[in-house]
């Protein structure tokens with residue numbers, strides 16, 4: 188195949204350029220330094236003002252296994268996953284499969300040193316002589332292997348029209364100004380860029396041009412945003428045990444806390460503790476919460492399972508705690524490096540007996556930051572664990588977002604009594620004074636002797652005294668149910684974007700947002716209108732039932748097998764259960780707009796049947812077959 192030669196097509200077919208609207212996948216081997224190269228491209232597009240998003244699809248355990256990095260470039264601002272038109276093929280193990288997956292008219296930039304045997308005549312091929320280009324690179328040994336991937340950065344930059352100055356800016360950001368690393372990587376980029384300029388004839392339509400659509404935006408991962416929010420929320424203790432994909436949440440805390448949480452003399456006013464396991468980690472968090480400190484842990488599904496007993500204790504003893512669950516595919520060890528929404532049902536009721544928790548459902552880095560501090564305010568206000576359910580896609584990948592709005596109000600500590608207040612109230616630790624199910628509490632160090640109390644995870648009366656009397660147990664549990672009803676009015680409400688007389692209504696949460704919002708725009712072009720409601724928390728507020736009541740059928744889209752949120756909503760809203768139609772995905776990959784569109788069109792062909800209750804009239808409505 189000739190360099191840059193397009194087989195089976197005429198140049199006239201490429202007369203129309205495709206500008207700032209394509210998807211690219213980079214196929215490499217894990218542990219080869221490709222992340223630096225991929226993030227350089229991603230941030231270069233961002234610095235050019237082009238909306239962009241990257242998703243890292245990587246193996247869970249063995250260095251050398253295949254990894255793919257998806258980059259979506261969209262002048263319209265769409266950032267959901269999209270099948271790629273461009274391929275950078277630098278992994279021999281997946282070369283044939285990767286090339287075969289390209290659509291007709293696709294582009295393949297590949298390592299010329301790999302054996303490519305493809306009969307695809309409907310693609311444009313750009314072979315890159317990687318070994319030849321690296322011969323004159325002034326670096327030694329293993330480092331040369333790591334920077335080999337920068338060759339495709341230089342070639343892609345030339346093909347798409349990214350300036351070397353922009354590439355250098357991106358490298359400077361990535362390496363934090365460490366000039367030696369910048370120079371060594373840039374050396375390879377320049378060599379490859381010059382080779383491509385003099386040796387390749389560009390025959391494909393894809394290119395980028397500067398825009399101004401990222402002006403004022405930032406880029407970071409969801410885990411970084413959540414950790415920063417926790418710092419601004421007053422977290423002073425983080426206890427954890429490493430587990431993918433939550434480890435980077437704690438890594439971010441370790442970066443932010445020394446800069447933002449120090450005393451007058453620069454001394455640390457925080458502690459980050461790696462525990463011996465997840466049980467110890469959540470135990471430390473609960474202990475700190477009982478003592479009045481704001482504490483946080485981060486984990487994923489298997490770790491959450493191990494934390495169940497302590498979370499049940501904190502729920503019943505009414506101790507604040509914050510836990511970030513960065514969801515991955517389960518059950519068991521599952522697929523540690525794939526994304527999921529499979530922990531929703533477990534998180535909502537984790538613990539034995541009648542236990543229900545407050546759960547927050549962020550969908551963006553802005554919400555990760557906001558919920559980072561809101562979770563602590565809610566935990567203190569409600570005196571209960573608060574679980575934040577992010578996912579691998581949001582947590583570990585880089586996302587665009589607006590600069591964060593830092594909290595302007597003081598921390599909300601809830602019903603914490605001072606020594607003077609204890610005297611006037613007649614303190615009883617578990618007595619509902621205000622009718623909202625939330626009792627008053629005191630913290631260790633309160634100088635009033637009447638503030639002292641001792642709690643345990645077994646039965647107790649209103650004064651926290653041990654009791655096995657049935658009326659004490661039942662009364663306490665009923666009060667906790669009242670408190671949970673109060674939580675419905677305090678948690679972040681659903682975001683509703685409703686179209687009158689819409690064809691389809693969709694309920695969703697988390698990172699499914701981006702594929703659904705893009706699908707809505709595409710379907711509008713087809714003459715179909717959607718009404719959307721994005722849930723941001725459990726328990727649900729009144730607006731959720733009201734939205735569902737206004738629509739004969741609601742598609743509830745989520746990334747798990749069993750429709751876990753569907754079951755929760757049907758349980759909460761039994762009179763509306765027949766209206767809620769679960770639509771699920773379980774492949775471990777972020778949703779695409781194409782998938783959503785297919786599901787919507789399928790559902791429109793399947794009539795709703797049965798009788799459902801119209802909440803507006805209170806009467807049964809027969810839904811025709």
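In our numbering, the protein residues as written are 188 to 812. For each residue, glycine too, the CB sits at the ideal point set by N, CA and C.
Rounded straight-line distance, which links the Cα of residue j to that of residue i
i: residue 629; j: residue 470; result: 20 Å
i: residue 616; j: residue 665; result: 16 Å
i: residue 337; j: residue 280; result: 20 Å
i: residue 191; j: residue 388; result: Its pLDDT being 49, under 50, residue 191 is placed unreliably in this model, and the value from its coordinates should be taken loosely. About 5 Å.
i: residue 480; j: residue 372; result: 45 Å
i: residue 306; j: residue 572; result: 58 Å
i: residue 817; j: residue 225; result: It is not possible to answer for residue 817, since the shown part of the chain is limited to 188 through 812.
i: residue 737; j: residue 764; result: 13 Å
i: residue 690; j: residue 708; result: 13 Å
i: residue 288; j: residue 245; result: 18 Å
i: residue 668; j: residue 430; result: 33 Å
i: residue 357; j: residue 393; result: 21 Å
i: residue 711; j: residue 565; result: 38 Å
i: residue 194; j: residue 446; result: Residue placement at residue 194 cannot be trusted, given a pLDDT of 40 that sits under 50; the coordinates are not used to answer.
i: residue 241; j: residue 343; result: 16 Å
Coarse secondary structure for residue i, derived from DSSP in three states
i: residue 735; result: helix
i: residue 475; result: helix
i: residue 356; result: helix
i: residue 458; result: strand
i: residue 792; result: coil
i: residue 445; result: helix
i: residue 376; result: helix
i: residue 660; result: helix
i: residue 539; result: coil
i: residue 237; result: coil
i: residue 609; result: helix
i: residue 514; result: strand
i: residue 394; result: strand
i: residue 505; result: coil
i: residue 640; result: coil
i: residue 243; result: strand
i: residue 198; result: Bear in mind that a pLDDT of 43 at residue 198, under 50, signals an unreliable position, so the model cannot answer this.
i: residue 627; result: coil
Counterpart residues of residue i in DSSP-defined beta bridges
i: residue 208; result: 261
i: residue 583; result: BP columns for residue 583 are empty, so no partner.
i: residue 745; result: 771
i: residue 724; result: 547
i: residue 269; result: Beta-bridge pairing links residue 269 to no other residue.
i: residue 424; result: 458 and 482
i: residue 407; result: 586
i: residue 683; result: 720
i: residue 696; result: 722
Residue i versus the options, residue with shortest Cα-Cα distance
i: residue 236; options: 737, 403 and 323; result: 403
i: residue 340; options: 275, 359 and 363; result: 275
i: residue 229; options: 598, 353, 764 and 674; result: 353
i: residue 223; options: 290, 713, 376 and 323; result: 376
i: residue 483; options: 502, 458 and 308; result: 458
i: residue 655; options: 663, 477, 661 and 646; result: 646
i: residue 715; options: 566, 722, 574 and 706; result: 706
i: residue 283; options: 271, 266 and 301; result: 301
i: residue 206; options: 256, 395, 241 and 315; result: 395
i: residue 537; options: 390, 500 and 670; result: 500
i: residue 542; options: 496, 361 and 521; result: 496
i: residue 673; options: 634, 623 and 593; result: 623
i: residue 545; options: 678, 324 and 721; result: 678
i: residue 331; options: 360, 374 and 345; result: 374
i: residue 697; options: 786, 688, 746 and 731; result: 746
i: residue 477; options: 753, 406 and 631; result: 631
8 Å Cβ cutoff, residue i in contact with chain B
i: residue 481; result: Protein chains in the displayed structure number just one, and chain B is not present.
Check: residue i C-beta below 7 Å from any heavy atom of the ligand NAD
i: residue 723; result: Ligands displayed in this structure: none; no statement on the ligand NAD is therefore possible.
Are the region 458-469 and the region 523-539 touching, with three or more C-beta to C-beta distances below 8 Å?
Touching, no.
With three or more C-beta pairs closer than 8 Å as the rule, is the region 479-495 touching the region 742-752?
A contact between stretches requires three or more CB pairs, one per stretch, nearer than 8 Å, and the region 742-752 fails this requirement with the region 479-495.
At least 3 beta-carbon pairs within less than 8 Å: the region 539-557 vs the region 408-415
Because the criterion of three Cβ pairs below 8 Å is met, the region 539-557 and the region 408-415 touch.
Check whether the region 211-222 touches the region 555-574, taking contact to mean three or more Cβ pairs, one atom from each stretch, closer than 8 Å.
At 8 Å Cβ cutoff, the stretches do not touch.
Quick check: the region 673-688 against the region 745-765, are there 3 or more CB pairs under 8 Å?
No, they do not touch.
Could you tell me whether the region 600-620 touches the region 720-734, where touching means 3 or more Cβ pairs closer than 8 Å?
A contact between stretches requires three or more CB pairs, one per stretch, nearer than 8 Å, and the region 600-620 fails this requirement with the region 720-734.
If contact is defined by three or more beta carbon pairs under 8 Å, each pair taking one atom from either stretch, is the region 201-214 in contact with the region 251-267?
The region 251-267 and the region 201-214 touch, with no fewer than 3 CB-CB distances between them shorter than 8 Å.
Decide yes or no for the touch test of the region 378-398 against the region 306-321: beta carbon pairs closer than 8 Å, at least 3 of them.
Contact between the region 378-398 and the region 306-321 is present: three or more C-beta pairs spanning the two stretches fall below 8 Å.
Is the number of C-beta pairs between the region 772-787 and the region 693-706 that are closer than 8 Å three or more?
Because the criterion of three Cβ pairs below 8 Å is met, the region 772-787 and the region 693-706 touch.
Any chance the region 438-455 sits against the region 512-531, with 3 or more Cβ pairs inside 8 Å?
The answer is no - the region 512-531 does not touch the region 438-455, with fewer than three Cβ pairs under 8 Å.
Closer than 8 Å is the cut-off here; do at least three beta carbon pairs connect the region 575-588 with the region 506-523?
Yes: the two stretches touch, three or more of their Cβ pairs being nearer than 8 Å.
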